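K.L.:
After the structure tokens below, expect a handful of questions from me.
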Amino acid sequence: MASKNLEKFLKENLQDLKSRGLYNVIDPLQGANGAIIKISGRELINLSSNNYLGLATNERLIEAAVKATKKYGVGAGAVRTINGTLDIHIELEKKLAEFKHTEAAIVFQSGFNCNMGAIGAVMDKNDAILSDELNHASIIDGCRLSKAEIIRYKHSDMDDLREKAKAAKESGKYNKIMVITDGVFSMDGDIAKLPEIIEIAEEFDLITYVDDAHGSGVLGKGAGTVKHFGLSDKVDFQIGTLSKAIGVVGGYVAGKKDLIDWLKVRARPFLFSTSLTPGAAAACIEAINILTESTELHDKLWENGDYLKKGLKALGFDIGESETPITPCIIGEETKTQEFSRRLNEEGVYAKSIVFPTVPRGTGRVRNMPTAGHTKEMLDKALAIYEKVGKEMGII
Ligand SMILES: *Cc1c(COP(=O)(O)O)cnc(C)c1O
Numbered sequence: 001m002a003s004k005n006l007e008k009f010l011k012e013n014l015q016d017l018k019s020r021g022l023y024n025v026i027d028p029l030q031g032a033n034g035a036i037i038k039i040s041g042r043e044l045i046n047l048s049s050n051n052y053l054g055l056a057t058n059e060r061l062i063e064a065a066v067k068a069t070k071k072y073g074v075g076a077g078a079v080r081t082i083n084g085t086l087d088i089h090i091e092l093e094k095k096l097a098e099f100k101h102t103e104a105a106i107v108f109q110s111g112f113n114c115n116m117g118a119i120g121a122v123m124d125k126n127d128a129i130l131s132d133e134l135n136h137a138s139i140i141d142g143c144r145l146s147k148a149e150i151i152r153y154k155h156s157d158m159d160d161l162r163e164k165a166k167a168a169k170e171s172g173k174y175n176k177i178m179v180i181t182d183g184v185f186s187m188d189g190d191i192a193k194l195p196e197i198i199e200i201a202e203e204f205d206l207i208t209y210v211d212d213a214h215g216s217g218v219l220g221k222g223a224g225t226v227k228h229f230g231l232s233d234k235v236d237f238q239i240g241t242l243s244k245a246i247g248v249v250g251g252y253v254a255g256k257k258d259l260i261d262w263l264k265v266r267a268r269p270f271l272f273s274t275s276l277t278p279g280a281a282a283a284c285i286e287a288i289n290i291l292t293e294s295t296e297l298h299d300k301l302w303e304n305g306d307y308l309k310k311g312l313k314a315l316g317f318d319i320g321e322s323e324t325p326i327t328p329c330i331i332g333e334e335t336k337t338q339e340f341s342r343r344l345n346e347e348g349v350y351a352k353s354i355v356f357p358t359v360p361r362g363t364g365r366v367r368n369m370p371t372a373g374h375t376k377e378m379l380d381k382a383l384a385i386y387e388k389v390g391k392e393m394g395i396i
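Just so we're aligned, residue 1 is where the sequence shown starts under the UniProt record's numbering, counting upward by one.
Below, the structure is given as structure tokens:
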């Protein structure tokens, strides 16, 4: 017998979302998430994936995944700490540590899971966490799970961070204090002010935690935001994902050997959730090989990012202050932003609108993620469509 109470809750809330136009309808892809995608039988220029380097469809990764699947099977069979650790998991962790210039690394099933496990493994109710107000949802949830006191500071506002770090330190209330930030903020494409954050951390003895999901493979010639600033030995936790630029799935923490050893006995998703599939682990190893061999894909990503930005700017669009290939196109009002995205789609460009509450009210935007997989022709076509729809709607 189904719960009447649950039925009522679901019906009312779904209705409410739908009536306010906030119910997200998901469009399934009829093929790979490449530079061109197919939805409902239509081909569209894809500007919404995190597949920055085009590795999701790279032949070498596919080959590696198939080979490993044939050797090890489709599943790892257990959690890492029982007998779900395969030699390729260890090989991947070694490669990641080398790539990140750290002593060691630990792999999780996703970037989200890293934050679920790593924060709470070291922070508890007697501690405090200074958290940038625009940090990713998984950081927010990981902080909550730890039960530490969460102190939010204004986005990339170093005076606010310093003031709050000082107050937390001087209160004498906390055993440990951590500062936690995204490396690259995904909504605007801006980079965390890591040199200043490290300076403040050193002054007030803070643990430093950088989630570089959008920086890995993109900044620091691929090694990420921390490497970009030359701070590899100054950041305690470097989180990365294997699901964005690396093109597969998974996440990792890179850091000192003692930290990684501790996470292997305390981070709960590592202990209680089955490890990365063999195919995914092997594909990730191949991705790191490719990034280590050459910066070709990285360079192409930046070239395409710069090209798209220059094009949109020349057309008169407001593209914000991005410092990375992430290119927001700020429209403003919520329904107008959604309409803009819908019109782009009709004309052949897939670029999702992002509106309140994900971004502040009145700053609705269509977010563009150019990748190394796009050609100049695709970007030119996308720009022509932007021009057409922008003029039609009186935005430019
Ligand atoms: C995308 C993202 C994650 C989640 O990574 P997955 O591997 O997709 O789970 C975590 N943190 C940040 C900052 C992200 O942008």
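A virtual CB, placed ideally from N, CA and C, is assigned to each residue, including glycine.
Just so it is clear, the structure is predicted and the values come from calculations on it, not from any experiment.
Would you check whether ligand 1 has a heavy atom nearer than 7 Å to the C-beta of Asp182?
P.N.:
Counting from one through the sequence shown, the residue named residue 182 turns up at place 182. True, at least one ligand heavy atom lies under 7 Å from that Cβ.
K.L.:
Is Asn368 near ligand 1 - that is, is its Cβ less than 7 Å away from at least one heavy atom of it?
P.N.:
In the sequence shown, counting from the first residue as 1, residue 368 sits at position 368. Asn368: no, Cβ never under 7 Å from ligand 1.
K.L.:
Rounding to the nearest angstrom, what Cα-Cα distance links Ser146 and Met116 in this structure?
P.N.:
Numbered from 1 along the sequence shown, position 146 holds the residue referred to as residue 146. Numbered from 1 along the sequence shown, position 116 holds the residue referred to as residue 116. Looking at the two C-alpha atoms, the distance is approximately 9 Å.
K.L.:
Return helix, strand or coil for residue 442, following the three-state DSSP convention.
P.N.:
With the chain covering 1 to 396 only, the question about residue 442 has no answer from this structure.
K.L.:
Give me the Cα-Cα distance between Val184 and Ala2, rounded to the nearest whole angstrom.
P.N.:
Reading the sequence shown from its first residue, position 184 is the one you call residue 184. Reading the sequence shown from its first residue, position 2 is the one you call residue 2. Cα to Cα, the separation comes out at about 44 Å.
K.L.:
Return yes when the C-beta of Phe112 is under 7 Å from any heavy atom of ligand 1, and no when it is not.
P.N.:
On the sequence shown, residue 112 is found 112 positions in, with the first residue counted as 1. Indeed, a heavy atom of ligand 1 lies less than 7 Å from the Cβ.
K.L.:
When the distance is taken between beta carbons, is Ala97 closer than 8 Å to Glu103?
P.N.:
Translated into the one-based positions of the sequence shown, residue 103 becomes position 103. Translated into the one-based positions of the sequence shown, residue 97 becomes position 97. Yes. Within cutoff.
K.L.:
With DSSP run on the structure shown, which of helix, strand or coil describes Tyr307?
P.N.:
Residue mapping note: residue 307 aligns to position 307 of the sequence shown, counting from 1. Helix at Tyr307.
K.L.:
Below 7 Å, is the gap between the Cβ of Thr208 and the nearest heavy atom of ligand 1?
P.N.:
Taking the sequence shown and counting its residues from 1, one reaches residue 208 at position 208. False, no ligand heavy atom lies under 7 Å from that Cβ.
K.L.:
Among Gly31, Ser19, Cys114, Asn51, which one has its Cα closest to the Cα of Gly373?
P.N.:
Taking the first residue of the sequence shown as position 1, residue 373 is located at position 373. Comparing Cα positions, the closest option is Asn51.
K.L.:
Please state the DSSP three-state secondary structure of Val235.
P.N.:
Here residue 235 corresponds to residue number 235 of the sequence shown, with the count starting at 1. In this structure, Val235 counts as coil in the three-state DSSP scheme.
K.L.:
Return yes when at least one heavy atom of ligand 1 lies under 7 Å from the C-beta of Thr241, else no.
P.N.:
Taking the sequence shown and counting its residues from 1, one reaches residue 241 at position 241. Indeed, a heavy atom of ligand 1 lies less than 7 Å from the Cβ.
K.L.:
Counting only runs of 3+ residues fully inside the stretch 315-396, write out the beta strand (DSSP E) ranges in chain order.
P.N.:
You should have 327-332, 364-368.
K.L.:
Could you tell me whether any non-hydrogen atom of ligand 1 is closer than 7 Å to the CB of Ala56?
P.N.:
Taking the first residue of the sequence shown as 1, we reach residue 56 at position 56. The answer is no for Ala56.
K.L.:
Give a single yes or no on whether Lys176 has its beta carbon closer than 7 Å to a heavy atom of ligand 1.
P.N.:
Position 176 of the sequence shown, counted from the first residue, corresponds to residue 176. Outside the cutoff, so no.
K.L.:
How long is the line joining the alpha carbons of Arg343 and Val366, rounded to whole angstroms?
P.N.:
In the sequence shown, counting from the first residue as 1, residue 343 sits at position 343. In the sequence shown, counting from the first residue as 1, residue 366 sits at position 366. When rounded, the distance between both Cα atoms is 11 Å.
K.L.:
Taking the alpha-carbon positions, what's the Gly250 to Phe108 distance?
P.N.:
Position 250 of the sequence shown, counted from the start, is the residue given in the question as residue 250. Position 108 of the sequence shown, counted from the start, is the residue given in the question as residue 108. Cα-Cα distance, rounded: 6 Å.
K.L.:
Of the residues Lys173, Leu242, Ala35, Ile330, which one's Cα is nearest the Cα of Gly362?
P.N.:
Counting from one through the sequence shown, the residue named residue 362 turns up at place 362. Of the listed residues, the one whose Cα sits closest to Gly362 is Ile330.
K.L.:
At a cut-off of 7 Å, would you count Lys100 as near ligand 1, judging by its Cβ distance to the nearest heavy atom?
P.N.:
Residue mapping note: residue 100 aligns to position 100 of the sequence shown, counting from 1. The answer is no for Lys100.
K.L.:
In chain order, which alpha helix (DSSP H) runs of at least 4 residues are fully inside the stretch 40-86?
P.N.:
Fully enclosed alpha helix (DSSP H) runs of 4 or longer: 59-72.
K.L.:
Is it right to say Asp124 is buried, meaning 16 or more other beta carbons lie within 10 angstroms of its own, or is it exposed?
P.N.:
In the sequence shown, the residue the question calls residue 124 occupies position 124. Exposed, since its Cβ has fewer than 16 Cβ neighbours within 10 Å.
K.L.:
In whole angstroms, give me the CA-to-CA distance for Ile45 and Asn5.
P.N.:
Walking along the sequence shown from the start, residue 45 turns up at place 45. Walking along the sequence shown from the start, residue 5 turns up at place 5. Rounded to the nearest angstrom, the two C-alpha atoms are 44 Å apart.
K.L.:
Given a cut-off of 8 Å on the beta-carbon distance, is the pair Ile106 and Leu206 in contact?
P.N.:
On the sequence shown, position 106 is the one that residue 106 refers to. On the sequence shown, position 206 is the one that residue 206 refers to. Not a contact, by the Cβ cut-off of 8 Å.
K.L.:
So, do the stretch 185-201 and the stretch 229-239 have three or more beta carbon pairs nearer to each other than 8 Å?
P.N.:
Segments in contact, yes.
K.L.:
For ligand 1, is there any heavy atom lying closer than 7 Å to the beta carbon of His136?
P.N.:
Mapped onto the sequence shown, residue 136 falls at position 136. Yes.
K.L.:
Can you name the residues that DSSP bridges to Lys38?
P.N.:
Start at 1 with the first residue of the sequence shown, and residue 38 comes out as number 38. For Lys38, which the question treats as bridged, DSSP gives the partners Glu43.
K.L.:
Are the beta-carbon atoms belonging to Leu61 and Gly222 less than 8 Å from one another?
P.N.:
Within the sequence shown, numbered from 1, the residue matching residue 61 stands at position 61. Within the sequence shown, numbered from 1, the residue matching residue 222 stands at position 222. Contact flag unset, no.
K.L.:
Is Ala104 near ligand 1 - that is, is its Cβ less than 7 Å away from at least one heavy atom of it?
P.N.:
Numbered from 1 along the sequence shown, position 104 holds the residue referred to as residue 104. No.
K.L.:
Using DSSP's beta-bridge definition, name the partner residues of Asp261.
P.N.:
Taking the sequence shown and counting its residues from 1, one reaches residue 261 at position 261. Its beta-bridge partners do not exist; DSSP assigns none.
K.L.:
What residue range is occupied by the uninterrupted alpha helix (DSSP H) comprising Thr292?
P.N.:
For the purposes of this step, residue 292 is taken as residue 292 along the sequence shown, with counting starting at 1. From DSSP, the alpha helix (DSSP H) with Thr292 extends over 278-293.
K.L.:
Beta-carbon separation of Tyr174 and Ala168 under 8 Å?
P.N.:
As a working note, residue 174 is residue 174 in the sequence shown. As a working note, residue 168 is residue 168 in the sequence shown. It is a contact, given that the beta carbons lie within the stated cut-off.
K.L.:
Using 8 Å as the Cβ pair cut-off and three pairs as the minimum, do the stretch 317-333 and the stretch 295-307 touch?
P.N.:
As far as the Cβ criterion goes, the stretch 317-333 touches the stretch 295-307, which means the pair count is three or higher.
K.L.:
Please look up how many angstroms separate the CB atoms of Pro278 and Ala76, rounded, as I've assumed it's under 8 Å.
P.N.:
Locating residue 278 in the sequence shown gives position 278, where the first residue counts as 1. Locating residue 76 in the sequence shown gives position 76, where the first residue counts as 1. So it is a contact: roughly 6 Å between Cβ atoms.
K.L.:
Mind checking which residues open and close the beta strand (DSSP E) that includes Gly251?
P.N.:
As a position in the sequence shown, residue 251 is number 251, starting the count at 1. It spans 251-255 - the beta strand (DSSP E) in which Gly251 sits, taken as one unbroken run.
K.L.:
Could you check how far apart the C-beta atoms of Thr274 and Val79 are, in whole angstroms? I think they sit under 8 Å.
P.N.:
In the sequence shown, counting from the first residue as 1, residue 274 sits at position 274. In the sequence shown, counting from the first residue as 1, residue 79 sits at position 79. At roughly 6 Å, the Cβ-Cβ gap stays under 8 Å, so Thr274 and Val79 are in contact.
K.L.:
Note down, in chain order, each residue of its chain lying with its Cβ closer than 8 Å to the Cβ of Met158, except the 5 sequence neighbours on either side.
P.N.:
Taking the sequence shown and counting its residues from 1, the one referred to as residue 158 is at position 158. Once the five neighbours on either side are set aside, the close Cβ partners of Met158 are Lys193, Glu196, Ile197, Ile200.
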